Amino acid sequence: MSWMKALENYARTAPEELPKDILLSSTEHTVTVKDAYPKAMYHYLVLPRLPSSLVSSSSRISSLQSLLSGDKEDALRVVKILGDDAELAKSHILEEMRKKHGFEWDVNIGFHAVPSMDHLHTHVISSDLISPALKNKKHYNSFHPTLGFFLHLNDVLEWLTEEKLAGKLHINSAKYEGLLKTDLACFKCDEPFKQIPRLKEHLEDEWKKEKRTAVKQKAMKRVHGTDDGEAQRPAKKTKLASTDETPRTPNKLSEANKAESLA
DNA sequence: GTTCTAGAAC
DNA sequence: GTTCTAGAAC
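Under my numbering, the residues of the first sequence are numbered 1 to 263, in order.
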């Protein structure tokens, strides 16, 4: 099965040899490429390059599970480096969003709990989940930001930094794979859907709605010098959605997984 | 991971 | 009759 090795090939190729249209950037330790079948408007992968001086054995970075089962300091170093470059890719995406669409929306950074392809890779993916390559339930659920299959990089960092977790961090594959069969529901409004095509229509509507709101707020800011004309009066408590990153509700399965690891 | 397609769902 | 899903791929 050669497709499983596709990412490993990227990781082993000198970045300057990679096609220009797929390479975003590279460093001593990482390479950032466009996902060949993007599941959102913007979708990149950050890979640790091979051979790697970050870990004693290359097999350590064949997967997240493998990384987590090894030395925690090694794992922490690798995840931090991937995270730094993922943040750079995210900044690039946000800039493209501003240029092309006149507003920014969320970009998620994380790992699939049970990946289909070999070699550790971090997804940097815009939260719209609008793309022709998103074709089935597995595709959608694997990037659903709160379902639990998508492991946010910051959560993985937390697992690794909690010193109590000196023991093992195990990913229960069967449990995570079960999540992929979850009934379809919009990650924004929770509305259920029976079919992928209907959900895809809905996601487009959600994105257009988000765009309208963002553009309207920008116009407000131009006129009033604030996000909202009313927000200037401190007496009136307006409940505005923060433009900053709102803390995500910790997903239950990640928490459950952590609890198991602690036990 | 994708492509293809039989047969289920509509 | 057409759309859609889900399992096989040597």
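Think of the CB as a built atom: it goes at the ideal place given N, C-alpha and C, for glycine as much as any other residue. All of these numbers come straight from a predicted model, not from anything done at the bench.
Please list, in chain order, all residues of the same chain as residue i whose beta carbon is under 6 Å from its beta carbon, the five residues on each side excluded.
| i | result |
| --- | --- |
| residue 145 | 108 and 187 |
| residue 121 | 7, 45 and 47 |
| residue 13 | none |
Exposed or buried, residue i, counting other C-beta atoms within 10 Å across all chains shown (16 or more means buried)?
| i | result |
| --- | --- |
| residue 37 | exposed |
| residue 273 | Missing from the structure shown is residue 273; the chain here goes from 1 to 263 and no further. |
| residue 133 | exposed |
| residue 4 | exposed |
| residue 177 | exposed |
| residue 123 | buried |
| residue 215 | exposed |
| residue 56 | exposed |
| residue 39 | buried |
| residue 206 | buried |
Could you compute how far the alpha carbon of residue i sits from the alpha carbon of residue j?
| i | j | result |
| --- | --- | --- |
| residue 101 | residue 127 | 14 Å |
| residue 181 | residue 227 | 40 Å |
| residue 20 | residue 224 | 43 Å |
| residue 65 | residue 167 | 14 Å |
| residue 147 | residue 17 | 37 Å |
| residue 195 | residue 184 | 8 Å |
| residue 9 | residue 213 | 42 Å |
| residue 110 | residue 222 | 35 Å |
| residue 129 | residue 73 | 34 Å |
| residue 149 | residue 174 | 11 Å |
| residue 170 | residue 131 | 32 Å |
| residue 172 | residue 190 | 26 Å |
| residue 152 | residue 159 | 11 Å |
Using a Cβ-Cβ cut-off of 7 Å (strictly less than) and excluding sequence neighbours within five positions of residue i, which residues of its own chain qualify?
| i | result |
| --- | --- |
| residue 77 | 54 |
| residue 15 | 23, 26 and 31 |
| residue 58 | 50, 51 and 52 |
Assuming residue i is part of the beta strand (DSSP E), what are its boundary residues?
| i | result |
| --- | --- |
| residue 48 | 43 to 48 |
| residue 110 | 107 to 112 |
| residue 130 | Careful: residue 130 lies outside any beta strand (DSSP E) and carries neither H nor E. |
| residue 161 | First-last for residue 161: 153 to 161, but that is the alpha helix (DSSP H), not the beta strand (DSSP E). |
Report the residue from the options whose alpha carbon sits nearest the alpha carbon of residue i.
| i | options | result |
| --- | --- | --- |
| residue 45 | 83, 57, 173 and 69 | 83 |
| residue 218 | 103, 60, 93 and 193 | 103 |
| residue 113 | 199, 42, 67 and 28 | 67 |
Going along the chain, which residues of its own chain have a beta-carbon closer than 8 Å to the beta-carbon of residue i, five neighbours each way excluded?
| i | result |
| --- | --- |
| residue 324 | Missing from the structure shown is residue 324; the chain here goes from 1 to 263 and no further. |
| residue 70 | 55 and 60 |
What are the boundary residues of the alpha helix (DSSP H) that residue i is part of?
| i | result |
| --- | --- |
| residue 5 | First-last for residue 5: undefined, no H or E at that position. |
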